[in-house]
Amino acid sequence: MYEANYSVVSEFVLLGFSTYRPVQYFLFAFSTVFYVTIVLGNFFIVFTVTSDPHLHSPMYFLLANLSLIDLCISTLTIPKMIYSLYSGYNTISFYGCVIQIFVLHVLGGSEMVLLITMALDRYVAICKPLHYLTIMSPRMCILLLSGAWMIAFIHSVAQLAFVVHLPFCGPNEIDSFYCDLPWFIKLACTDTYRLEFMVTANSGFLSTGTFLLLVASYIFILVTVWKRSSGGLSKALSTLSAHITVVVLFFGPCIFVYMWPFPTASADKFLAILNFLITPILNPAIYTLRNKDMKLAIKRLSHQLLSFRKIS
766 MYEANYSVVS
776 EFVLLGFSTY
786 RPVQYFLFAF
796 STVFYVTIVL
806 GNFFIVFTVT
816 SDPHLHSPMY
826 FLLANLSLID
836 LCISTLTIPK
846 MIYSLYSGYN
856 TISFYGCVIQ
866 IFVLHVLGGS
876 EMVLLITMAL
886 DRYVAICKPL
896 HYLTIMSPRM
906 CILLLSGAWM
916 IAFIHSVAQL
926 AFVVHLPFCG
936 PNEIDSFYCD
946 LPWFIKLACT
956 DTYRLEFMVT
966 ANSGFLSTGT
976 FLLLVASYIF
986 ILVTVWKRSS
996 GGLSKALSTL
1006 SAHITVVVLF
1016 FGPCIFVYMW
1026 PFPTASADKF
1036 LAILNFLITP
1046 ILNPAIYTLR
1056 NKDMKLAIKR
1066 LSHQLLSFRK
1076 IS
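Heads up, the sequence shown is in my numbering, so the first residue is 766 and it goes up one at a time.
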């Protein structure tokens, strides 16, 4: 599309949050504590689900994959931010930026499709309980998960194919702590109106469309339960409340970043912190503290660890 030797920018400067060192040290401590919590919390969910036979069901299989994706999304951006806050070295190579964008959209796209799959799982469990194990078989779960990763891969490649060869001749400053398409495209030395529209159409409408689809599916589940038995509505709301919370926390920042016509750097940074630091912590808390099976599994795991310590 463009001449490769036209690009003279070999690296980008991530401006981050502040140049005032005391603020940077505070953010360093804050983000380090939260990232460690993300790693421990999400890894604990994955370990608990895989090690406890009582949790070998479609719902917990999908939950473990959601925790794994959340862990990967945070690991893609937060360690780099922590290192930059501590050392003051806040540059990223051109290809490092491109790779970060690619992986970010693969992970984000897979989580979007996975959340749809989790909504489907809850629909089958609530509305067709007698056929649940037949419909949500292990083979079906693997197919749905594979489909999520394939769709996400195609989504990410389709965007980068149009922007990776853009000419960059300066400036090279990105007013954020990670690379993403909206800021990456604006630094190109050419008219990018069509590409910005393409990103909005791809990422923005994908996020909004998926969110509306999930909201419609939850409403449909609740209406179906209400028609069958008004007494079962409260139980369905209790079951779905965790899913609805995760959906709102995940899609809210995505829709704002890609669809809002008047973005501000401060708002984008706040939403990025919400997406990469807060939401991955809330997911383990929501699914463990509000879930009876997970609580019992944690107790069984604790007893096993205590017994092992006594024996050793």
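Virtual Cβ for every residue (Gly too), placed ideally from N, Cα, C.
In three-state terms, what does DSSP make of residue i?
i       : result
Phe-777 : strand
Thr-957 : coil
Tyr-785 : coil
When the Cα of residue i is compared with those of the options, which residue comes out closest?
i        : options                              : result
Asp-1058 : Leu-779, His-821, Leu-960, Thr-802   : His-821
Ala-1037 : Leu-869, Leu-833, Leu-908, Leu-831   : Leu-869
His-920  : Pro-932, Ile-950, Gly-873            : Gly-873
Ala-884  : Pro-1049, Pro-823, Phe-867, Ala-926  : Pro-823
Ser-1006 : Lys-992, Phe-1015, Ile-1051          : Ile-1051
Ser-1031 : Phe-942, Ser-968, Thr-797            : Phe-942
Ser-852  : Arg-786, Gly-806, Phe-795, Ile-1009  : Arg-786
Ala-926  : Ile-864, Ser-972, Arg-1055           : Ile-864
Gly-861  : Leu-841, Leu-879, Val-878, Leu-880   : Leu-841
Val-929  : Leu-828, Glu-938, Thr-1044, Leu-952  : Leu-952
Ile-1020 : Val-922, Lys-992, Thr-973            : Thr-973
Ile-1046 : Leu-779, Asp-835, Asn-830            : Asp-835
Gly-969  : Val-1022, Val-1012, Trp-948          : Val-1022
Leu-979  : Pro-818, Met-1024, Ile-1009          : Ile-1009
Leu-909  : Ile-881, Gly-935, Leu-898            : Ile-881
Val-878  : His-896, Leu-971, Cys-934            : Leu-971
Val-889  : Thr-856, Val-1011, Pro-1049, Thr-989 : Thr-989
Ile-1063 : Tyr-958, Ile-857, His-819            : His-819
Ile-907  : Lys-893, Asp-886, Leu-895            : Asp-886
Val-804  : Leu-828, Thr-815, Cys-837            : Cys-837
Leu-827  : Ile-986, Pro-894, Ser-902            : Ser-902
Can you tell me whether residue i is buried or exposed, with buried defined as 16 or more other CB within 10 angstroms of its CB?
i        : result
Asp-956  : exposed
Thr-1053 : buried
Arg-904  : exposed
Glu-776  : exposed
Met-846  : buried
Cys-944  : buried
Tyr-771  : Residue confidence is low: Tyr-771 scores 45 on pLDDT, short of 50, so the model does not pin down where it sits. Its coordinate-derived value is still stated next. Exposed, because fewer than 16 other Cβ atoms sit within 10 Å of the Cβ of Tyr-771.
Gln-924  : buried
Ser-994  : exposed
Val-788  : exposed
Pro-844  : exposed
Pro-936  : exposed
Thr-784  : exposed
Met-766  : The predicted position of Met-766 is uncertain, since its pLDDT is 43 and thus under 50; a value taken from the coordinates is nonetheless stated next. That one is exposed.
Val-801  : exposed
Ala-966  : exposed
Phe-976  : buried
Tyr-825  : buried
Ser-849  : buried
Tyr-717  : Because residue 717 is not part of the residues shown, which for the chain are 766 to 1077, the question remains open.
Thr-813  : buried
Val-871  : buried
Thr-1072 : Per the sequence shown, the amino acid found at residue 1072 is Ser instead of Thr. Exposed: under 16 other Cβ atoms inside 10 Å.
Leu-1061 : exposed
Ser-796  : buried
Thr-1044 : buried
Rounded to the nearest angstrom, how far is the Cβ of residue i from that of residue j, given a contact under 8 Å?
i        : j        : result
Glu-876  : Phe-1041 : Actually they do not touch by this definition, with Cβ atoms about 12 Å apart.
Ala-1001 : Ile-891  : 6 Å
Ile-810  : Ser-839  : 14 Å between Cβ atoms; not a contact.
Lys-1034 : Phe-793  : Going by Cβ atoms, the distance from Lys-1034 to Phe-793 rounds to 15 Å, so no, they are not a contact pair.
Phe-859  : Val-774  : 6 Å
Arg-1065 : Asp-817  : 6 Å
Asn-830  : Leu-779  : That pair is no contact at about 29 Å.
Ile-950  : Glu-961  : 6 Å
Asn-1048 : Val-1011 : 6 Å
Leu-946  : Val-964  : 5 Å
Quick one: is the Cβ of residue i within less than 8 Å of any heavy atom of the ligand PLP?
i       : result
Thr-965 : The model on display carries no ligand, and the ligand PLP is accordingly not part of it.
With a threshold of 9 Å between beta-carbons, can residue i be considered close to chain C, or not?
i        : result
Asn-1048 : Here there is only one protein chain, and chain C is not present.
Considering only residues of the region 818-900, which uninterrupted beta strand (DSSP E) runs meet the minimum length of 3 residues and lie entirely inside it, listed in chain order?
-> 856-858
Within the region 964-1005, note down every full alpha helix (DSSP H) run reaching 4 residues or more, in order along the chain.
-> 970-993
Identify every run of the alpha helix (DSSP H) within the region 1022-1069, keeping only runs that are complete inside it and at least 4 residues long; order them along the chain.
-> 1030-1038, 1044-1054
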